[in-house]
């Protein structure tokens, strides 16, 4: 088998799956770069949820091959003064609106450059004012996939928008307060406590030493996986995105615990057990 | 990078996403044409909604590379006397049932030929009577993608089915009456007024001269994009498919205005503002 | 056109479409095997529904090219003692947890070998305990797609888990009792009576000789397709997966007949009509 690098382009939007929007972007990409391998991340970001898109992108972009082009279109300000940008990270490209949707990328990447996309010959001719996904971001992504350098596409900017993600805060000597960042398909609650933070606060044996409190339910200690507690029981663990999660083994924690994005989550340091 | 034309095959169905139906079509296609690049347009057309499929196809097929094969399977009459057809447009192929699902293609393409698919050696062996998507349309699409000419697949027909899309009608000297054609994922209302019609009726400055009335809400003038009105306000504009649309900036017009497909939309000519 | 075999990898999960889970698997696969053609079967298996995944896989895997790698991740026991396995069938590979999800494959394939995946250098480094789809099954699938032989990935096992699917049973000389196995997107009821069984019980003219009773509705005889009865009428036929199905022509049988998975279905032998 010949190993040939197909350029990968990922798409992450709030466009849903019932309309022609996603397919229009793919048509544009294949027209410019027939070699592209276009992969959907998701199109079910809730409409206009920039924070949700930033979280989802941050959880997955690093799994893709070097110089994958990640297109993110959650863009309530489409057609207004907000700028279309390309972000060059250490090994990945990102294309989308300058509305904070790349905030997690800015946190994670060791080195970034951001360009305001101004060279309109890389856009679709006569772009619409309401569908920059098709008319600006898809064609730019396809030209990146073909090897055009971002420096030829626009001008460097420094004042791009970074959204602040809420971080857990200490409440008293023994309690840290965080929130649910994301509820996944299974109803698992992804919190904003990451493993590094837990280690720094609780030490290397944080799994044994912490209690998690969410919606009046207290969970003692962290497990490795759901199946280490009986079916129907709550369980806390470090999830696959690197954050503390709360689940119900083979159940739905969001429904059972009546928790949702933004619900408070406390960590209690419990040296005695 | 070598630029090699991979043959693109698009799929547009009412099959949904929870069953094996779409994957069965893809398996058949990759078996016959391993080089194919199969792209989903959508599989969430409401069951049996031939008009909805025709609209969606019309909004997107022209974005794809030349000689893309577009397979459309919304087919309540599967297995009955309705004919399987291939339509050859100016630069695209279309494969599906002869039930009007290609009506927008017939309007748009400068030149078409239609063949009744009769050559059964291009079908799956022993086709079922209930799944022509897998057994007839997918294999025919794959053979087209491999370069077989449609003329070898069937016989030309002229009496193919064209559905009439409702066009706006004048009500009096100053009022035109149309309808909502489609409600998209964001609740935006796509009407059957297209930009060419508005220009012919209202003149080149139609954006300034028209009032849009839908569900007792009156919107003065057209904007370029949502963000030109305050958040939560209704806005009219020419959408990315070329039709007049009504939205609520960062809201859901269908829910707020209680409008749906078929809801009446009026354009009032307003020379004074 | 050069016919080059791209290795096909299919994905069948209960991960849903709103999270990063499916995309993470694809990123891992493209990193290891850039040539792969990754195809979604479905990701909307109800959470933890191993039986539903087994049914869906059984209905479609044989449509794919020889040596397609089918990855199935419906895995309530992820991270516990349940084994990750690869199944080698006559012409297909299957990768997933040893929890019975391949039971239909075991029934259908003339010859199988099953390996417990133990060679961790084919896994993602430091696999998580909660996302073996990304960390074990996706990389193993990609290495299979690149041509690594399963024998190098683990040790043969014989005691893999086979789930029993309920078979129809005779109730008296003239009545057989089965159930609804699956309700599809259209509300069609797929039963566990297959065509071979009907032939053996009722003879070659079973279409004419059987009455189907489901939820107090009696349907006389089998048709070829929906459209052979008037719109809104119930109809029984052999569906595209080879099982007896009950539908309402252009309607939704599950809603109208108030039937769901597990609902009883009877076949009455009716020699007189």
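Chains as they are written, first to last, in this note's numbering: chain A, 217 to 489; chain B, 217 to 489; chain C, 217 to 489. Every residue gets a Cβ at the ideal spot worked out from N, C-alpha and C, and that includes glycine.
Less than 8 Å between C-beta atoms, sequence neighbours within five positions excluded: which residues of the same chain meet that for residue i?
{"i": "residue 220 of chain C", "result": "Reliability of the predicted coordinates at residue 220 of chain C is poor, the pLDDT of 45 falling under 50, and the value obtained from them is presented with this limitation in mind. Cβ within range, chain order: n/a, list empty."}
{"i": "residue 391 of chain A", "result": "482, 483, 484, 485"}
{"i": "residue 302 of chain A", "result": "309, 310, 311, 330, 331, 333, 356, 360, 366, 369, 370"}
{"i": "residue 419 of chain A", "result": "425"}
{"i": "residue 352 of chain C", "result": "300, 333, 339, 340, 343"}
{"i": "residue 335 of chain B", "result": "368, 369, 370"}
{"i": "residue 307 of chain C", "result": "282, 283"}
{"i": "residue 346 of chain A", "result": "294, 295"}
Kindly identify the DSSP beta-bridge partner or partners of residue i.
{"i": "residue 427 of chain A", "result": "A:436, A:484"}
{"i": "residue 249 of chain C", "result": "Paired residue(s): none; residue 249 of chain C is not in a bridge."}
{"i": "residue 386 of chain B", "result": "B:392"}
{"i": "residue 331 of chain C", "result": "C:302, C:372"}
{"i": "residue 256 of chain B", "result": "B:227"}
{"i": "residue 464 of chain A", "result": "A:450"}
{"i": "residue 405 of chain A", "result": "A:399, A:462"}
{"i": "residue 410 of chain A", "result": "A:459"}
Can you tell me which of the three DSSP states residue i falls into?
{"i": "residue 474 of chain C", "result": "coil"}
{"i": "residue 220 of chain B", "result": "Note that residue 220 of chain B has pLDDT 45, beneath the 50 cutoff, so the model's placement of it is unreliable and the number below is only indicative. In the structure shown, residue 220 of chain B sits in coil (DSSP, three-state: anything other than H, G, I, E or B)."}
{"i": "residue 489 of chain B", "result": "Note that residue 489 of chain B scores a pLDDT of 46, beneath 50, so its modelled location is shaky; the value from the coordinates is reported in the next line. If DSSP states are grouped into helix, strand and coil, residue 489 of chain B belongs with coil."}
{"i": "residue 274 of chain C", "result": "helix"}
{"i": "residue 449 of chain C", "result": "coil"}
{"i": "residue 233 of chain C", "result": "coil"}
{"i": "residue 310 of chain C", "result": "strand"}
{"i": "residue 400 of chain B", "result": "coil"}
{"i": "residue 351 of chain A", "result": "helix"}
{"i": "residue 264 of chain A", "result": "coil"}
{"i": "residue 285 of chain C", "result": "strand"}
{"i": "residue 341 of chain B", "result": "coil"}
{"i": "residue 318 of chain A", "result": "coil"}
{"i": "residue 325 of chain B", "result": "coil"}
{"i": "residue 336 of chain A", "result": "helix"}
{"i": "residue 280 of chain B", "result": "coil"}
{"i": "residue 442 of chain A", "result": "helix"}
{"i": "residue 366 of chain A", "result": "helix"}
For residue i, which residues in the same chain have their Cβ closer than 7 Å to its Cβ, ignoring the five residues on either side in sequence?
{"i": "residue 471 of chain A", "result": "403"}
{"i": "residue 322 of chain A", "result": "328, 378"}
{"i": "residue 410 of chain B", "result": "458, 459"}
{"i": "residue 278 of chain B", "result": "none"}
{"i": "residue 350 of chain B", "result": "240, 241, 244, 340"}
With a cut-off of 8 Å on the beta carbons, I'd call residue i and residue j a contact; round off their distance for me.
{"i": "residue 362 of chain C", "j": "residue 248 of chain C", "result": "7 Å"}
{"i": "residue 320 of chain C", "j": "residue 288 of chain C", "result": "Not quite, the Cβ-Cβ distance comes to about 11 Å (not below 8 Å), so this is no contact."}
{"i": "residue 452 of chain C", "j": "residue 434 of chain C", "result": "Actually they are not in contact, since the Cβ atoms of residue 452 of chain C and residue 434 of chain C sit about 10 Å apart, beyond 8 Å."}
{"i": "residue 406 of chain B", "j": "residue 455 of chain B", "result": "6 Å"}
{"i": "residue 447 of chain A", "j": "residue 468 of chain A", "result": "Wrong, their Cβ atoms sit about 13 Å apart, outside the cutoff."}
Kindly list the residues whose CB is nearer than 6 Å to the CB of residue i, restricted to its own chain and excluding five residues on each side of it in sequence; keep chain order.
{"i": "residue 242 of chain C", "result": "254"}
{"i": "residue 414 of chain A", "result": "422"}
{"i": "residue 436 of chain A", "result": "427"}
{"i": "residue 261 of chain B", "result": "230, 268, 269, 290"}
Under 8 Å, do residue i and residue j count as touching if we go by C-beta distance?
{"i": "residue 293 of chain B", "j": "residue 443 of chain C", "result": "yes"}
{"i": "residue 507 of chain C", "j": "residue 348 of chain C", "result": "No information on residue 507 of chain C is available, as it lies outside the stretch 217 to 489 that chain C covers here."}
{"i": "residue 479 of chain B", "j": "residue 417 of chain B", "result": "no"}
{"i": "residue 227 of chain B", "j": "residue 267 of chain B", "result": "no"}
{"i": "residue 355 of chain C", "j": "residue 376 of chain C", "result": "no"}
{"i": "residue 371 of chain B", "j": "residue 331 of chain B", "result": "yes"}
{"i": "residue 324 of chain A", "j": "residue 398 of chain A", "result": "no"}
{"i": "residue 269 of chain B", "j": "residue 290 of chain B", "result": "yes"}
{"i": "residue 238 of chain C", "j": "residue 259 of chain C", "result": "yes"}
{"i": "residue 400 of chain C", "j": "residue 235 of chain B", "result": "yes"}
{"i": "residue 251 of chain B", "j": "residue 223 of chain B", "result": "yes"}
{"i": "residue 441 of chain B", "j": "residue 296 of chain A", "result": "yes"}
{"i": "residue 463 of chain B", "j": "residue 396 of chain B", "result": "no"}
{"i": "residue 408 of chain C", "j": "residue 383 of chain C", "result": "yes"}
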